[in-house]
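Number of protein chains: 2
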Amino acid sequence: MTNHDSCIIRHFSHYCRLSEQDKALLHELEESPRDVRAGEVLWQENEQATEFCTVSRGWAYSFRNLGDGSRQILEVFLPGDIIGLREFAFSQRLAGVAMIDDGVVCHFPHRRLLDIFRQSTTLTAVLFSISSRQQALLTERLVNLARRTAHQKLAHFLYEMYVRLDQTGAAIDGRFRLPLSQEQLADTLGLSAVHVSRTFSAFREEELVLRERHKVTLPDPEALANVAEFDACYLNDSVRPIFLEEDAAAMRPSNGAAALKT
Amino acid sequence: MTNHDSCIIRHFSHYCRLSEQDKALLHELEESPRDVRAGEVLWQENEQATEFCTVSRGWAYSFRNLGDGSRQILEVFLPGDIIGLREFAFSQRLAGVAMIDDGVVCHFPHRRLLDIFRQSTTLTAVLFSISSRQQALLTERLVNLARRTAHQKLAHFLYEMYVRLDQTGAAIDGRFRLPLSQEQLADTLGLSAVHVSRTFSAFREEELVLRERHKVTLPDPEALANVAEFDACYLNDSVRPIFLEEDAAAMRPSNGAAALKT
DNA sequence: GATCGCCGATAACTCAGGTTATCGTCACCC
DNA sequence: GGGTGACGATAACCTGAGTTATCGGCGATC
């Protein structure tokens, strides 16, 4: 973390070209990165919330434990994502967070966000955008859980992962690593692990999805998207560039669009 | 709208005591309020997004239409709520919005948000808090849809409405107006209208909920909360007061906590 | 290399909730 | 005051997904 690019800066750069000053400000946010093991719980529901966190390496998920012993996975975080933004207004954690993989996370205190609000309109707008995008993912998952069949749910999740991973270059040719167990998938999709297994079997027969261990292959991604009635517009980095022109007075925006590419 | 308190200012004041300067800034956001009729669609999915909107009177909901002709209601907005914040990062609407009731809404352009970011750290933090709270509602609904039985779903929704309305004084003694039809409830809860009816019948037998027309009575709200496994912590205006002390340098915060009461 | 434990596949059975259909009630309107 | 249309109740039937159970494979540990 000391000499390569900060994970936060990398993420923010997806949204907008940053001034050196902004980069410095972001860099300040990062306290010592921490190695974490697969399965490690970063925090539990109802604990005091004092920090945000970014994932630098590995996957994480947020979850809620329910009364009957089951649990619901809310979000899956990939490297570069910010964890905990959702909880800005609350003094307690609304959901637990755990690692799927071994990885590296960077913590930074809640209060620092206010420094950003105070010092950089650009970063504030990017933070709002990031929060907004996370909420879009959540909304899409909600629709998915409420209204679709098990086949569609799984197809949708797999395709969404494919798109997200493809955007960061982690999916090659419809092939990617998916470190979640079937039980974790079930908890994500509101299904039983048994039915996830059944659905994978069906997809294998139909040659829509091949899964072995933690490797997934989509022989025909578009066919899968059709099954899921997938509408990518919530993922398209159709991030509004408005604030760039708005900020013209404050800084030279140059070509923000080109900065979208990693 | 001209001479009584602005709906935006009223809402923001729940979170934090505002300076006169902040109030002036908020007031600027309000363009002409508009009367809207029950059923009127404020905007459709995929339309260009250029404005946010606050509900001044009446109820509204956001929704997604699905491929099979069904639809999913995502959020229910009450007077004082801000609509569209979720879509900050996007240039298109991710969901449609329609009125449940006759009412009054106030539009304000997207770009104005950036003026706020630039001019008031306090308002920026409150906006983040509001967005954060909306996301908490959404998350709770997601868990509800994914993991609970029809009885629990309906119980949860009714109790959540009861709490939200009670917070603004619109529920007296477990009794409140609920202008949603059973079909709208079904679309909210991911159920069929028929099953919503069945569930109401069951609740009537158990004397948990009495519903006639658009009036709902909860004879024993706590019993209903138990059925729903309701955990109020995502609604508790346990809004972090941190930013008040943080902003001490910028403005006199005085007693922000007391300002929570409407 | 035997044991243990996790993960996934598959089968048999059950049930919550969807679907379709019919009927009653109330509000509105000529 | 009779027609119309939205809304809600109820019943009969069907099905997608949960539950429980068994079994096989693989990796870790000693």
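Just so you know, the protein sequences line up as chains A and B, in that order.
Taking my numbering, the leading residue of the first sequence gets 1312, the next gets one more, and so forth.
Taking my numbering, the leading residue of the second sequence gets 1312, the next gets one more, and so forth.
Cβ coordinates follow ideal geometry from the N, Cα and C atoms, glycine included.
| message | DSSP three-state label for Asp1392(B), please. | response | Start at 1 with the first residue of the second sequence, and residue 1392(B) comes out as number 81. Of the three classes helix, strand and coil, the one that applies to Asp1392(B) here is coil, per DSSP.
| CA-CA distance, Gln1445(A) and Ala1447(B)? | The sequence position of residue 1445(A) within the first sequence is 134, counting from 1. The sequence position of residue 1447(B) within the second sequence is 136, counting from 1. Put simply, the backbone Cα of Gln1445(A) is about 12 Å away from that of Ala1447(B).
| task | Taking Lys1464(A) and Leu1521(A) to be in contact with their CB atoms under 8 Å, please state how far apart those CB atoms are, rounded to whole angstroms. | result | Looking up residue 1464(A) in the first sequence gives position 153. Looking up residue 1521(A) in the first sequence gives position 210. Separation of the CB atoms of Lys1464(A) and Leu1521(A) is rounded to 19 Å, and the pair is thereby denied contact status at 8 Å.
| message | If the criterion is Cβ atoms closer than 7 Å, does the pair Leu1491(B) and Arg1458(A) meet it? | response | As a position in the second sequence, residue 1491(B) is number 180, starting the count at 1. As a position in the first sequence, residue 1458(A) is number 147, starting the count at 1. A distance of 7 Å or more separates the beta carbons of Leu1491(B) and Arg1458(A).
| said: Closest to Leu1405(A) by C-alpha separation, out of Ser1503(A), Ile1320(A), Leu1453(A), Trp1354(A), would be which residue? | reply: For the purposes of this step, residue 1405(A) is taken as the residue at position 94 of the first sequence. Nearest of Ser1503(A), Ile1320(A), Leu1453(A), Trp1354(A) to Leu1405(A), Cα basis: Trp1354(A).
| Nearest candidate by alpha-carbon position, reference Thr1528(A), set Gln1478(A), Met1472(A), Ala1504(A), Leu1340(A) | Residue mapping note: residue 1528(A) aligns to position 217 of the first sequence, counting from 1. Of the listed residues, the one whose Cα sits closest to Thr1528(A) is Met1472(A).
| task | Could you tell me the distance, in whole angstroms, from the CA atom of Arg1382(B) to the CA atom of Ser1343(A)? | result | The residue you call residue 1382(B) lines up with position 71 of the second sequence. The residue you call residue 1343(A) lines up with position 32 of the first sequence. Their backbone Cα atoms lie some 46 Å apart in a straight line.
| query | Given a limit of 7 Å on CB to CB distance, which residues of the region 1418-1443 of chain A reach chain B? | reply | Cβ contacts with chain B come from His1421, Arg1422, Leu1425, Phe1428, Arg1429, Thr1432, Thr1435, Ala1436, Phe1439, Ser1440, Ser1442, Ser1443.
| If you scan the region 1446-1514 of chain A from start to end, which runs of the alpha helix (DSSP H) of 4 or more residues do you find wholly inside it? | Correct list: 1461-1478, 1493-1500.
| query | Short check: CB of Leu1489(A) to CB of His1467(A), under 7 Å? | reply | One-based indexing of the first sequence puts residue 1489(A) at position 178. One-based indexing of the first sequence puts residue 1467(A) at position 156. In this structure, His1467(A) does not lie closer than 7 Å to Leu1489(A) by Cβ.
| query | In chain order, what residues of the region 1452-1464 of chain B put their CB closer than 7 Å to some CB of chain A? | reply | Cβ contacts with chain A: Arg1452, Leu1453, Val1454, Leu1456, Ala1457, Arg1458.
| chain B within 7 Å of Thr1510(A), Cβ atoms only | Along the first sequence, read from residue 1 onward, the residue named residue 1510(A) stands at position 199. So, not an interface residue.
| field | Extent of the continuous beta strand (DSSP E) run through Pro1344(B) | value | Residue numbering aside, residue 1344(B) sits at position 33 when the second sequence is read from its first letter. 1344-1347 is the span of the beta strand (DSSP E), which, as asked, contains Pro1344(B).
| query | Cα separation between Ser1565(B) and Ser1508(B)? | reply | In the second sequence, counting from the first residue as 1, residue 1565(B) sits at position 254. In the second sequence, counting from the first residue as 1, residue 1508(B) sits at position 197. Annotation note: pLDDT 41 at Ser1565(B) (below 50); position unreliable, coordinate value reported separately. Approximately 50 Å between the Cα atoms of the pair.
| message | Tell me the DSSP secondary structure of Thr1528(B) in three-state form. | response | Taking the first residue of the second sequence as position 1, residue 1528(B) is located at position 217. DSSP, read as helix, strand or coil, puts Thr1528(B) in strand.
| task | Buried or exposed for Gln1495(A), please, with buried defined as at least 16 other CB atoms from any protein chain shown within 10 angstroms of its CB. | result | Residue numbering aside, residue 1495(A) sits at position 184 when the first sequence is read from its first letter. By the neighbour-count rule (16 or more Cβ atoms within 10 Å), Gln1495(A) is buried.
| query | Helix or strand or just coil, what does DSSP make of Ser1317(A)? | reply | Position 6 of the first sequence, counting from 1, holds the residue named residue 1317(A). For Ser1317(A), the three-state secondary structure derived from DSSP is coil.
| task | Give the DSSP bridge partners of Leu1521(A), in chain order. | result | Taking the first sequence and counting its residues from 1, the one referred to as residue 1521(A) is at position 210. Answer is Thr1528(A), bridged to Leu1521(A).
| Under the rule that 16 or more other beta-carbon atoms within 10 Å means buried, what is Pro1420(A), buried or exposed? | Taking the first sequence and counting its residues from 1, one reaches residue 1420(A) at position 109. When all chains shown are included, Pro1420(A) counts as exposed.
| query | Hey, Val1352(A) and Tyr1372(A): beta-carbon distance below 7 Å or not? | reply | For the purposes of this step, residue 1352(A) is identified with residue 41 of the first sequence, where counting begins at 1. For the purposes of this step, residue 1372(A) is identified with residue 61 of the first sequence, where counting begins at 1. The Cβ-Cβ distance between Val1352(A) and Tyr1372(A) does not fall below 7 Å.
| message | Give me, in chain order, the residues of the same chain whose beta-carbon lies closer than 8 Å to that of Glu1362(B); leave out the 5 immediate sequence neighbours on both sides. | response | Counted from its first residue, the second sequence places residue 1362(B) at position 51. Within the same chain, Glu1362(B) has close Cβ partners Gly1395, His1418, Phe1419, Pro1420, His1421.
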